Each structure stands twice: as structure tokens, then as C-alpha cells.
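S.K.: Read left to right, the sequence shown gives residues 1 to 610 (full-length UniProt numbering).
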Amino acid sequence: MEQARRVLRHGDTARCAQGALMVAQELLRSQQRVAATGVGPSLRSHAQGLGQVADFFIARFAPSLVPDLAPEHAAAAGTKTDTAMQGVDHVPSGQAYADIDMSDFEPKVQMDASASPSGTSTVTPQGPPQGPAQPAASRPATPPSGLVDDDIELPTTAGKEQAVPSGPLSRVVGFSRLAAGLAAGTVSESVRRGFGAKREEDNENPSRKRGMRDAVLSDANSDRIAATLCRMRGAALKLGQMLSIQDETVLPPQLSRALERVRQSADIMPSAQLDKVLRDELGADWRDNFVKFNNRPFAAASLGQVHQALLKTESGPVPVAVKVQFPGVADSIDSDLNNLKRLADVTGIFPRGLFIDRIVEVMKEELREECDYLAEAEHQMKFRDLLKDDSDAFFVPRAFKQTTTSRVLTTELARGVPIDKVVDTLSQEKRNRIGRLLLRLSLKELFEFRYMQTDPNFSNYMYDDKTGRVVLLDFGATRAYGREFVDDYMELVWAASNSDRAAILDYSVRLGFLTGDESQAMKNAHIHTGLEIGRPFQHDEPFDFRGSRMVNQMSKHGGTFMNERLTPPPKEVYSLHRKLSGAYMTCIKLGAIFPCRDLLVKTYNNAKAR
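#1: With the cut-off set at 9 Å, would you say L409 and E369 are in Cβ contact?
#2: Buried or exposed: where does Q305 fall if 16 or more other Cβ atoms within 10 Å of its Cβ makes it buried?
#3: Give the secondary structure of F394 by DSSP, where H, G and I count as helix, E and B as strand, and everything else as coil.
#4: List, from N- to C-terminal side, the beta strand (DSSP E) runs of 3 residues or more that fit wholly inside the region 528 to 577.
#5: Given that a residue counts as buried once 16 or more other Cβ atoms are within 10 Å of its Cβ, and exposed if not, what is L438?
#6: If contacts are defined as beta-carbon pairs under 8 Å, then Q453 and F383 qualify, I think. What distance do you get, rounded to the angstrom?
#7: Comparing C-alpha positions only, which one of R479, P270, T313, P569 sits nearest to N294?
#8: Buried or exposed: A300, going by 16 or more other Cβ atoms within 10 Å of its Cβ?
#9: Quick check: T405 and V322, are their CB atoms within less than 9 Å of each other?
#10: Is the number of C-beta pairs between the region 571 to 580 and the region 414 to 422 that are closer than 8 Å three or more?
#11: Are three or more beta carbon pairs between the region 426 to 438 and the region 481 to 492 nearer than 8 Å?
#12: What number of angstroms, rounded off, separates the C-alpha of K571 from the C-alpha of E314?
#13: Measuring alpha carbon to alpha carbon, tell me which residue in G534, Q428, S335 is nearest residue 628.
#14: Leaving out five residues before and five after Y604 in sequence, what residues of the same chain have Cβ atoms less than 8 Å from its Cβ?
#15: Can you tell me whether DSSP reads L505 as helix, strand or coil?
#16: Just the C-alpha distance for T425 and F458, rounded to the nearest angstrom, thanks.
#17: Closest by CA to D288, which one among Q308, I268, K312?
#18: Which two residues bound the contiguous alpha helix (DSSP H) that contains R402?
#19: Straight-line CA distance for V470 to S519?
#20: Where do the N-terminal and C-terminal ends of the beta strand (DSSP E) with K323 fall, by residue?
#21: Given that a residue counts as buried once 16 or more other Cβ atoms are within 10 Å of its Cβ, and exposed if not, what is D500?
#22: Do you know whose CA, among G476, M381, I504, lies nearest V324's CA?
#23: Count the other C-beta atoms from every protein chain shown that fall within 10 angstroms of the C-beta of K292, then say buried if there are 16 or more, exposed otherwise.
#24: Once DSSP output is grouped into helix, strand and coil, what is the label at Y461?
#25: Which one of D389, D280, K608 has the shortest CA to CA distance from D327?
#26: Measure the Cβ-Cβ separation of D517 and L566 and say whether it is below 9 Å.
#27: When you compare each of V277, R479, G547, S332 to G591 by their alpha carbons, which one comes out closest?
#28: Three-state secondary structure (DSSP) at S118?
#29: Just how far apart, CA to CA, sit E366 and R407?
#30: Measuring CB to CB, does M562 end up less than 9 Å from E532?
#31: Does the distance from the CB of E412 to the CB of A399 come in under 9 Å?
#32: Quick check: what's the CA-CA separation for L27 versus A607?
#33: Are the CB atoms of A330 and D267 within a distance shorter than 9 Å?
#34: How many Å lie between L303 and P456 at the Cα?
#35: In the DSSP assignment, find the alpha helix (DSSP H) that holds Y373 and state where it starts and stops.
#36: What residues match up with Y451 in a beta bridge as DSSP calls it?
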């Protein structure tokens with residue numbers, strides 16, 4: 001055993017893991033052919049064996065080589081693990097739970113609380129670390145600190161504590177395990193469905209191919225994909241979340257269901273790993289910066305998790321949200337996305353017209369920027385300045401430099417309720433106002449600022465009913481756009497708002513959406529989609545976003561786009577369309593009804609005058 005460990009320490013470990021990935025890929029490539037020859041059970045046995053070897057390899061060697069994977073896989077292999085700390089906040093030696101009592105904090109707030117661009121996280125209220133939560137009737141009517149007057153506890157995330165695989169090897173092993181599991185699951189599902197009885201010459205039959213893809217995306221394999229992405233976090237989870245908002249006509253339904261799980265889920269760091277990250281970033285005495293710090297996060301997403309704390313400042317304690325990046329995610333962006341891309345190529349789960357290669361390359365660029373929390377703090381403060389004359393409508397929390405690094409971001413803790421949570425509590429008039437404010441902001445960001453926060457996550461927008469303001473959060477996915485692109489795109493939107501089909505086609509070619517050589521069916525689909533996007537701006541009357549059924553109308557052309565698109569969209573529009581579609585989806589979620597054309601006309605005229 002010791003000799004094996006010495007060999008593995010000298011670089012063969014990574015090759016073993018990569019080898020498992022390659023073998024699993026070959027199993028996936030050949031399983032259709034082998035199943036047709038009647039030896040499916042044998043191949044299934046080999047694939048399952050490969051998965052067991054991967055588990056054995058991780059359980060036996062990972063404890064000394066990859067500590068952050070050891071607890072999970074030791075448990076999987078049947079070895080005894082210490083679970084005493086599971087679900088319990090870490091307390092430094094000599095410090096009592098009472099010393100970090102968070103009962104003073106009961107604001108009604110959220111920050112980056114979902115794992116996805118459109119989503120809502122699954123959260124459950126939890127009590128302070130020293131014991132179970134008090135019944136509502138026995139809670140103090142007014143929080144002792146007097147910081148806020150709401151008697152609603154800040155909920156903590158229900159995410160499972162699980163160490164983030166932070167080293168290159170541990171992440172390769174994680175994807176290798178997924179590949180092995182997919183191989184075994186695919187063969188098992190193929191045999192179960194009786195694919196082995198089919199003749200090999202039937203393999204080119206379209207219905208046969210659909211059957212094989214269904215086998216790859218069986219319920220068991222979909223669960224494997226979702227569980228792995230939630231465990232790995234980082235770029236892998238971010239890609240899953242991004243794809244989860246694709247039109248349901250674009251992705252297979254099984255994959256859509258798996259990605260929906262991913263969109264609403266993310267595991268959280270154990271307290272020991274959290275403490276190590278904060279020590280590395282803020283120093284061994286990091287707790288001295290805070291009066292209080294809650295080790296249990298109230299939000300967990302793809303790149304990090306967010307904690308409630310009370311920051312020491314010259315003017316006194318300030319309630320803050322501390323976003324802590326998962327270890328290793330910034331350094332593993334390229335390898336994670338390449339591994340997922342490789343699996344996608346082998347399984348063929350994404351249609352050709354999705355241009356997954358372009359999506360992956362764009363995501364690499366975006367995530368490198370999003371992982372820099374110092375840059376995010378600068379974006380946040382710039383937006384705070386840009387919107388200072390609109391402070392009656394929007395609020396941007398300030399960032400605190402003294403406890404912000406490239407991996408830790410500390411910002412003012414804002415009051416409010418996530419936009420998607422106010423639908424059943426606010427009047428139609430207030431919902432109309434919120435929708436109109438957010439659509440106005442999107443137009444202003446693009447066409448006037450040429451500087452946009454591009455993450456449309458519902459939880460990045462909160463509403464404070466006491467002030468009537470929309471709170472803006474999470475500026476990691478902020479980017480600038482060139483003037484030439486913005487000017488051409490503005491003309492495209494203006495053409496759509498005026499039902500000018502020829503101009504839509506002209507500016508679409510100019511911007512790179514089309515080459516001009518597409519089939520007439522593709523051109524028509526593109527024009528119809530453009531007209532649908534411009535529909536809210538075509539008339540002066542109030543537009544009913546929910547009643548318009550815009551999503552259904554645009555979905556009609558999904559198949560044409562996937563099959564007949566000749567070129568991927570311009571790189572700029574991946575982030576831009578994510579934001580604009582998010583603005584529409586927010587208005588739909590709110591059931592908002594308001595006039596839109598005057599917003600575009602004013603923005604268009606302002607931009608022209610600049």
C-alpha cells in the first residue's frame with residue numbers, strides 16, 4: 001500500500017483519474033454497438049466495476065492525497081468517519097456558543113440567495129447556533145440590538161455541508177467518477193429497455209438515436225449529473241445553472257429536470273473549510289474584524305456562500321453580508337468546463353445548434369472576471385454612483401474594502417424581500433411599478449451606461465416596501481459594451497419595436513446573428529422572434545407580460561434555431577440576452593402590466609443625444 005501511495009504521489013494519480021474518464025468515455029461511445037450484439041450485460045458489469053474501482057481509489061488514496069474528498073468517499077466505501085461536526089457551527093477553541101449569538105439579527109433580507117439566474121434557493125429558517133429556534137410566540141418583540149424592527153429571522157440555507165473539492169486532482173477525480181457512473185447507468189438503462197434486441201443496422205434510425213439519448217439521460221443518470229454539479233460547485237455548477245434557463249424546447253426534458261435541481265441547489269462548506277478560507281484571505285485573526293459572525297450561510301450559489309455578520313467600523317457596528325468564495329473554483333474554471341464539454345461531446349446530450357463550444361468559451365471569460373471579488377466591489381461602487389440621482393427608486397449597498405479581497409466580499413446588509421417572493425403580497429399597482437423600474441433600468445444600463453449587471457437571478461433584486469425602493473445585489477457578472485455594438489443593437493431593438501422586418505434582418509446580419517446565407521425558414525424564425533421581443537414596445541397601451549404568453553410564442557421557433565442556425569450569436573449577447581430575458585421573466589413573474597413604449601422612446605432619444 002505504501003509503495004502504491006508513493007507512486008501515486010509522483011503524478012500517476014492524475015493519470016489514473018484521467019484514465020478512468022477515458023475508459024468511461026469509450027464505454028459510452030461503444031455501448032450502442034455492443035448492446036446490439038447482445039453482450040450488454042457484460043459491458044454493464046465492466047462499467048459498474050469501473051465505478052467501483054473509482055470509489056475504491058478515492059476512498060483508499062484520497063485521505064492522504066486529496067483531504068477535501070476524503071470524508072465523503074470514506075463514507076461511501078463503508079469506512080468510519082467522524083460526523084460529530086455535521087450541521088454544527090464551528091467555534092474557535094475557548095469560545096462559547098453564547099459568544100457568537102446571532103439573535104440580534106432578524107432583518108428580512110437576502111443576498112445572492114439562489115444558485116441560478118432565475119431562481120429561488122431552497123431555504124429553511126434555522127435558529128442561532130447556541131440552540132433550537134424559539135417559537136414565534138416567545139421571541140422578543142424587538143431585537144435586542146435595535147438594528148431593525150422586523151421580527152423575521154434571516155433564514156439560513158438548507159444546503160448540505162460538504163467540502164468543496166479544491167485541488168486539481170480532486171476535481172478530475174470527481175468528473176471521472178461522473179463519467180464512470182454515466183457509463184454504467186447508460187448500459188444498465190439500455191439493457192433494461194431491451195436495446196440489445198435491436199439490429200445494428202437500426203442504429204441510424206432517428207427514433208433509435210432518441211432512445212439511446214434517453215438512456216444516457218435516464219432518471220438515475222440525471223440524478224448523477226445534478227449531484228455531481230452541486231458537489232463540485234464552481235464553473236461546473238455555473239454552467240448547469242446557465243443551461244437550466246434555456247428554453248424547454250432546446251434541451252431534452254430529462255436534462256432540463258436535472259438542471260432545474262442544479263439551479264435551486266448548492267452544497268455548503270463545512271465550518272473548518274470556511275475558517276481556512278477566511279484565514280488565508282483575512283489573516284489568522286479574521287474574527288477580530290467582526291463583533292459577530294454566523295458560520296451558517298444564509299445563501300449558497302455556484303461560486304460562493306454568503307454569511308451574516310456585524311462588522312466593526314469607526315462609526316460603530318454595521319450589519320454586513322460576507323460572501324466567501326469556494327476554494328479552488330477560480331483555478332479550476334478551464335479544467336472543469338473542458339471536462340464537462342468532453343462528457344457532453346461523448347454523450348451527445350446537447351443539440352448542434354446550441355453551439356456548446358461557444359457557450360463554454362464565453363463562460364470561461366465571464367467566470368474569470370466573476371471570481372475576482374475586488375473587481376466586483378468596484379462594479380458595485382460604480383453602480384452606486386451611476387444611480388445616485390435615482391436613489392428614490394434604487395438602492396445599491398456599499399462595499400467595505402477593509403474586509404474585501406479577491407476571494408471575500410463584504411457589503412452592507414440590505415433590507416428587502418426577493419422580487420419573486422412579493423408576488424402574492426403586493427398590490428397590482430406596486431408590482432407594476434417594480435416591473436417598470438426594472439425594465440427601465442435594463443434599458444438604461446445598456447443604451448445609456450453601456451455598462452450592465454448581467455445576472456438576472458430573481459434574488460439579486462429585492463423590494464423594500466418601507467422605502468419603495470428596489471435593492472440591487474451581486475455585481476460579479478458586470479461588463480461593459482462597446483459603443484459600436486450598443487448603437488447597432490439599439491437600432492435592432494428600435495426596428496423590432498416598429499415592426500420593421502427588413503431592418504431587423506439587416507441589423508441582425510450586421511451584428512453577426514446571421515450570415516445572410518441562412519434558409520428562408522431560419523430567417524423567418526429569427527425575424528418572428530425579434531418581433532416578439534419587441535412586442536412590449538410596439539404600442540402605447542399597457543402591456544400584459546403574463547397574459548402575452550411571450551415565452552410560448554418564442555418557443556415555437558426553437559427547433560428551427562437548433563437545426564438551421566449557421567453561426568453562433570455574437571459573444572456579447574450571451575450575457576446581454578441573459579439579462580434582458582431575465583427582465584422579461586421578472587415582469588412575467590410579477591404579473592406586471594404597464595406601458596413600455598415610452599421607456600424605449602426616452603432611452604432611444606437620450607442615447608442618440610449623447
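Where is the CB? At the ideal position from N, CA and C, for every residue including glycine.
All of these numbers come straight from a predicted model, not from anything done at the bench.
M.R.: Straight from the coordinates:
#1: Not closer than 9 Å, so no.
#2: Buried, by the Cβ-count rule.
#3: strand
#4: Qualifying beta strand (DSSP E) stretches: none in this window.
#5: buried
#6: 7 Å
#7: P270
#8: buried
#9: Not in contact: T405 and V322 (Cβ atoms no closer than 9 Å).
#10: no
#11: no
#12: 45 Å
#13: Residue coverage of the chain in this structure runs from 1 to 610, which leaves residue 628 outside it and unanswerable.
#14: F447, M490, W494
#15: helix
#16: 16 Å
#17: K312
#18: It should be noted that the sequence gives Gln, not Arg, for residue 402. Unbroken run through Q402: none, as it is neither H nor E.
#19: 44 Å
#20: 318 to 325
#21: buried
#22: Out of G476, M381, I504, G476 has the C-alpha closest to the C-alpha of V324.
#23: buried
#24: strand
#25: Asp is not the amino acid found at residue 327; the sequence shown has Pro there. In this structure, D280 is the residue among D389, D280, K608 with its C-alpha nearest to the C-alpha of P327.
#26: yes
#27: G547
#28: Reliability of the predicted coordinates at S118 is poor, the pLDDT of 35 falling under 50, and the value obtained from them is presented with this limitation in mind. Three-state result, S118: coil.
#29: About 16 Å.
#30: no
#31: yes
#32: Because L27 sits at a pLDDT of 48, beneath the cut-off of 50, its placement in the model cannot be relied upon, and the point is left open.
#33: no
#34: Separation of L303 and P456 (C-alpha to C-alpha, rounded to the nearest whole angstrom) is 16 Å.
#35: 373 to 386
#36: A480
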